[in-house]
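K.L.:
Counting from 1 along the sequence shown, just add 155 to a position and that's the residue number in this note's numbering. Just so you know, even glycine gets a beta-carbon here, dropped at the ideal spot from N, CA and C. Just so you know, these numbers come straight off a predicted model, no measurement behind them.
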Amino acid sequence: DGDVYKYYVDGQWNKSSSGKSVPIINPTTRKTHYKVQACTQEEVNNVIDSAKKAQKLWAKTPLWKRAELLHKAAAILKENKAPIAECLVKEIAKPAKDAVTEVVRSGDLVSYCAEEGVRILGEGKFLVSDSFPGNDRTKYCLTSKIPLGVVLAIPPFNYPVNLAISKIAPALIAGNSIVLKPPTQGAVAALHMVHCFHLAGFPKGLIGCVTGKGSEIGDFLTMHPGVNCISFTGGDTGISISRKAGMIPLQMELGGKDACIVLEDADLDLAVANIVKGGFSYSGQRCTAVKVVLVMEQIASSLVKKVNEKVAKLTVGAPEDNCDITPVVTESSANFIEGLVKDAKEKKATFCQEYKREGNLIWPLLLDNVRPDMRIAWEEPFGPVLPVIRIKTVEEGIHHCNASNFGLQGCVFTSDINKAIMISDAMETGTVQINSAPARGPDHFPFQGLKDSGIGSQGITNSINIMTKVKTTVINLP
Ligand code: G3P
Numbered sequence: 156d157g158d159v160y161k162y163y164v165d166g167q168w169n170k171s172s173s174g175k176s177v178p179i180i181n182p183t184t185r186k187t188h189y190k191v192q193a194c195t196q197e198e199v200n201n202v203i204d205s206a207k208k209a210q211k212l213w214a215k216t217p218l219w220k221r222a223e224l225l226h227k228a229a230a231i232l233k234e235n236k237a238p239i240a241e242c243l244v245k246e247i248a249k250p251a252k253d254a255v256t257e258v259v260r261s262g263d264l265v266s267y268c269a270e271e272g273v274r275i276l277g278e279g280k281f282l283v284s285d286s287f288p289g290n291d292r293t294k295y296c297l298t299s300k301i302p303l304g305v306v307l308a309i310p311p312f313n314y315p316v317n318l319a320i321s322k323i324a325p326a327l328i329a330g331n332s333i334v335l336k337p338p339t340q341g342a343v344a345a346l347h348m349v350h351c352f353h354l355a356g357f358p359k360g361l362i363g364c365v366t367g368k369g370s371e372i373g374d375f376l377t378m379h380p381g382v383n384c385i386s387f388t389g390g391d392t393g394i395s396i397s398r399k400a401g402m403i404p405l406q407m408e409l410g411g412k413d414a415c416i417v418l419e420d421a422d423l424d425l426a427v428a429n430i431v432k433g434g435f436s437y438s439g440q441r442c443t444a445v446k447v448v449l450v451m452e453q454i455a456s457s458l459v460k461k462v463n464e465k466v467a468k469l470t471v472g473a474p475e476d477n478c479d480i481t482p483v484v485t486e487s488s489a490n491f492i493e494g495l496v497k498d499a500k501e502k503k504a505t506f507c508q509e510y511k512r513e514g515n516l517i518w519p520l521l522l523d524n525v526r527p528d529m530r531i532a533w534e535e536p537f538g539p540v541l542p543v544i545r546i547k548t549v550e551e552g553i554h555h556c557n558a559s560n561f562g563l564q565g566c567v568f569t570s571d572i573n574k575a576i577m578i579s580d581a582m583e584t585g586t587v588q589i590n591s592a593p594a595r596g597p598d599h600f601p602f603q604g605l606k607d608s609g610i611g612s613q614g615i616t617n618s619i620n621i622m623t624k625v626k627t628t629v630i631n632l633p
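1) Using only CA atoms, which one of Val447, Pro536 and Leu458 lies nearest to serine 487?
2) Rounded to whole angstroms, how far is the Cβ of glycine 604 from the Cβ of glycine 552, which I believe are closer than 8 Å?
3) When the Cα of lysine 465 is compared with those of Gln453, Val431 and Met451, which residue comes out closest?
4) Give the secondary structure of glycine 565 by DSSP, where H, G and I count as helix, E and B as strand, and everything else as coil.
5) Taking serine 284 as the reference, give the member of Arg274, Tyr295, Gly277 and Leu276 with the closest Cα.
6) So, for aspartate 156: in the same chain, excluding its five sequence neighbours on each side, which residues have a beta-carbon less than 7 Å away from its beta-carbon?
7) Please work out which residues of its chain come closer than 7 Å, Cβ to Cβ, to valine 427, disregarding the five sequence neighbours upstream and downstream, and give them in chain order.
8) Considering only residues of the region 316-351, which uninterrupted beta strand (DSSP E) runs meet the minimum length of 3 residues and lie entirely inside it, listed in chain order?
9) DSSP three-state call for isoleucine 403: helix, strand or coil?
10) Please classify asparagine 429: is it buried, with 16 or more other beta-carbons within 10 angstroms of its beta-carbon, or exposed?
11) Report the residue from Gly277, Arg292, Asn573 and Lys502 whose alpha carbon sits nearest the alpha carbon of leucine 522.
12) Between Asn490, Glu246, Leu218 and Leu307, which lies nearest to isoleucine 301 when the distance is taken from Cα to Cα?
13) Any heavy atom of the ligand G3P within a distance shorter than 8 Å of the CB on tyrosine 160?
14) DSSP on methionine 451, reduced to helix/strand/coil?
15) Please confirm whether histidine 226 and serine 286 have their CB atoms less than 9 Å apart.
16) CA-CA distance, phenylalanine 357 and asparagine 169?
17) Let me have the residue list for the ligand G3P: C-beta closer than 7 Å to any non-hydrogen atom, ordered along the chain.
18) Whole angstroms is fine: what's the gap from glutamine 564's alpha carbon to proline 288's?
19) With respect to the alpha helix (DSSP H) encompassing phenylalanine 435, which residues constitute its N-terminal and C-terminal limits?
20) Note down, in chain order, each residue of its chain lying with its Cβ closer than 6 Å to the Cβ of glutamine 588, except the 5 sequence neighbours on either side.
21) So within the region 474-560, which uninterrupted beta strand (DSSP E) runs reach at least 3 residues, ignoring any that extend past its ends?
22) Apart from the five residues on each side of it in sequence, which residues of its chain come closer than 8 Å, Cβ to Cβ, to valine 305?
23) Check whether the Cβ atoms of histidine 347 and proline 238 lie closer than 9 Å to each other.
24) Looking at the unbroken beta strand (DSSP E) that takes in lysine 300, where does it start and where does it end?
25) So, is glycine 614 buried or exposed, given that buried needs 16 or more other C-beta atoms within 10 angstroms?
26) Out of Gly410, Ala489, Ile610 and Leu276, which one is the CA nearest neighbour of proline 519?
27) Taking alanine 473 as the reference, give the member of Pro527, Val258 and Asp253 with the closest Cα.
28) Give every residue of the same chain whose Cβ lies closer than 6 Å to the Cβ of isoleucine 309, excluding the five residues on either side of it in the sequence, and list them in chain order.
29) DSSP three-state label for serine 386, please.
30) To which residues of the same chain is glutamine 340 closer than 8 Å at the C-beta, ignoring the five residues directly before and after it?
31) Can you give me the Cβ contacts of tryptophan 533 inside the same chain, cut-off strictly under 7 Å, excluding the 5 residues immediately before and after it?
32) Tell me the DSSP secondary structure of glutamine 440 in three-state form.
33) Have a look at the DSSP bridge pairing and note the partners of tryptophan 168.
34) State the Cα-Cα distance for the pair lysine 322 and isoleucine 621, rounded to the nearest angstrom.
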């Protein structure tokens with residue numbers, strides 16, 4: 156039936172033979188808004204087979220031609236920012252303006268990737284043998300980067316377009332093909348994005364997109380022998396994927412508990428603005444959101460007061476109205492957040508606002524005097540709830556940050572650059588931001604998590620490199 160969005164295989168939009176669909180619930184209305192195909196394992200096989208065949212020819216397509224097609228896709232994507240953003244509003248309740256920004260940012264990412272790809276893949280290395288002991292200059296070694304094959308891209312709900320693109324564009328420029336499994340919430344936005352690549356004229360089969368339940372096709376995809384690389388962003392499913400996947404490169408980003416350390420000498424207004432933006436943008440549903448504030452005792456009360464003044468100004472409501480705080484993605488997500496709030500209440504955290512929830516909509520909440528025995532001190536709510544822990548020493552803050560199983564990003568606010576660098580070195584996270592909230596972008600910056608936050612580095616250049624391997628030819632002279 157026409158109401159169910161088709162999946163994409165071999166350059167065509169098809170219905171699944173399963174006859175089943177997966178509903179996408181609008182987080183705001185909590186009613187089914189779209190439906191996508193529930194693909195079968197056989198259909199997954201077909202998508203991977205088709206991607207495998209297409210990749211062989213694509214790898215031989217000149218780099219400049221691959222770049223040209225990517226630039227074309229970027230332009231089409233930007234032209235279609237409005238309908239794609241509309242899907243993001245309905246599927247994941249992303250505020251309308253931010254939804255448009257996500258699509259535009261994605262178009263820019265594709266273009267940058269094309270440019271970066273032609274540069275870094277256009278270069279190889281030349282080595283000579285006589286630098287290693289015992290060798291004469293009789294061997295010339297030539298290296299270049301070759302594609303891996305089929306890259307499986309699994310983006311999360313919070314950036315269904317941008318975090319799909321950040322996997323697709325590097326894979327394609329490097330000569331790989333793509334099998335995309337979008338998140339259920341955000342699948343329709345992703346299908347529209349795939350259609351932009353279709354319109355750009357990429358070869359049949361090079362990009363495939365299967366939709367369906369993770370429980371039915373998730374393991375089948377990630378353990379599939381036809382997959383040569385997995386690029387995943389999401390929750391701790393990534394840990395089980397890494398245990399089950401074969402001997403293939405994995406690029407994974409699995410969330411964080413990004414700490415914000417505020418020292419006595421910090422520019423307090425700057426810290427406050429970043430805490431509110433970092434903690435509450437997209438209702439805290441970002442891996443790089445500020446997820447715990449660690450503030451020196453002497454300035455804690457004035458910091459909390461200023462944060463509360465700003466929290467009071469946050470607008471709460473529908474994504475269509477561009478509200479700052481919008482409904483969280485699912486009811487189960489809202490229930491999980493509520494569980495953390497209840498735990499903090501029982502353990503006597505200070506509630507700076509009253510806890511309020513209507514459906515999936517949770518009002519922004521700052522919890523002061525949080526202690527390490529509370530779940531919110533360690534777990535990521537992925538919602539608009541931000542804990543503040545008052546610390547007596549910088550070491551205490553660093554200790555809390557490093558005791559986390561996560562290690563994505565962190566930030567420190569101080570006017571002493573020497574201290575900032577020492578703290579950055581001491582924090583066991585992939586990135587530390589000095590005097591700004593954590594953020595993945597600009598998208599060419601390296602982005603990586605330590606510990607349970609992931610493996611492999613992202614960012615345009617690193618992604619291109621991870622999606623290639625080195626091929627060497629040695630010329631042996633007489
Ligand atoms: O949550 C996904 C992560 O990649 C965040 O990206 O741009 O919000 O820092 P960003």
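P.N.:
Taking the coordinates as given:
1) Considering only alpha carbons, the answer is Pro536.
2) The distance from the Cβ of glycine 604 to that of glycine 552 is about 20 Å, inconsistent with a contact at the 8 Å cut-off.
3) Checking every option, the nearest Cα to that of lysine 465 belongs to Val431.
4) Looking at glycine 565 - three-state DSSP - the assignment turns out to be strand.
5) For the residues Arg274, Tyr295, Gly277 and Leu276, the minimum Cα distance to serine 284 belongs to Tyr295.
6) Note that aspartate 156 scores a pLDDT of 46, beneath 50, so its modelled location is shaky; the value from the coordinates is reported in the next line. None.
7) Excluding residues within five positions, the ones whose Cβ falls inside 7 Å are Leu458, Lys461, Val462 and Lys465.
8) Look at the region 316-351 and you find these whole runs of beta strand (DSSP E), each 3 residues long or longer: 332-335.
9) In this structure, isoleucine 403 counts as coil in the three-state DSSP scheme.
10) The C-beta of asparagine 429 has 16 or more other C-beta atoms within 10 Å across all chains shown, which makes the residue buried.
11) That would be Lys502, whose Cα lies nearest to the Cα of leucine 522.
12) Among Asn490, Glu246, Leu218 and Leu307, the Cα nearest to that of isoleucine 301 is on Leu218.
13) It does not: the Cβ of tyrosine 160 is nowhere closer than 8 Å to a heavy atom of the ligand G3P.
14) Strand, per DSSP.
15) No, they are not a contact pair.
16) Roughly 18 Å separates the two Cα atoms.
17) Counting every residue whose Cβ lies closer than 7 Å to a heavy atom of the ligand G3P, we get Pro311, Asn313, Tyr314, Leu318, Thr388, Glu408, Arg441, Cys442, Thr443, Pro593, Ala594, Arg595, Gly596 and Phe602.
18) In a straight line, the C-alpha of glutamine 564 is about 43 Å away from that of proline 288.
19) Phenylalanine 435 -> alpha helix (DSSP H) spans 423-435.
20) Result list for glutamine 588: Cys566, in chain order.
21) Whole beta strand (DSSP E) segments, 3+ residues: 520-523 and 540-546.
22) Closer than 8 Å at the Cβ level, and outside the excluded window around valine 305, lie Ile203, Ala206, Lys207, Gln210, Asn331, Ser332, Ile333, Val334, Gly381, Val382, Asn383 and Cys384.
23) A Cβ-Cβ contact shorter than 9 Å links histidine 347 with proline 238.
24) Segment 294-302, the beta strand (DSSP E) holding lysine 300.
25) Counting Cβ neighbours within 10 Å, glycine 614 comes out buried, since at least 16 surround it.
26) Answer by Cα proximity: Ala489.
27) Taking only the C-alpha atoms, the option nearest alanine 473 is Asp253.
28) Answer for isoleucine 309: Lys336 and Phe387, listed in chain order.
29) Correct three-state label for serine 386: strand.
30) Within the same chain, glutamine 340 has close Cβ partners Ile179, Ile180, Pro182, Glu246, Ile247, Phe312, Pro315, Val484 and Thr485.
31) Close CB contacts of tryptophan 533 within its chain, under the 7 Å cut and outside five residues either way in sequence, are with Lys412 and Ser559 (chain order).
32) Three-state result, glutamine 440: coil.
33) The beta-bridge partner set that DSSP reports for tryptophan 168 consists of Tyr163.
34) Answer to the nearest angstrom: the Cα atoms are 11 Å apart.
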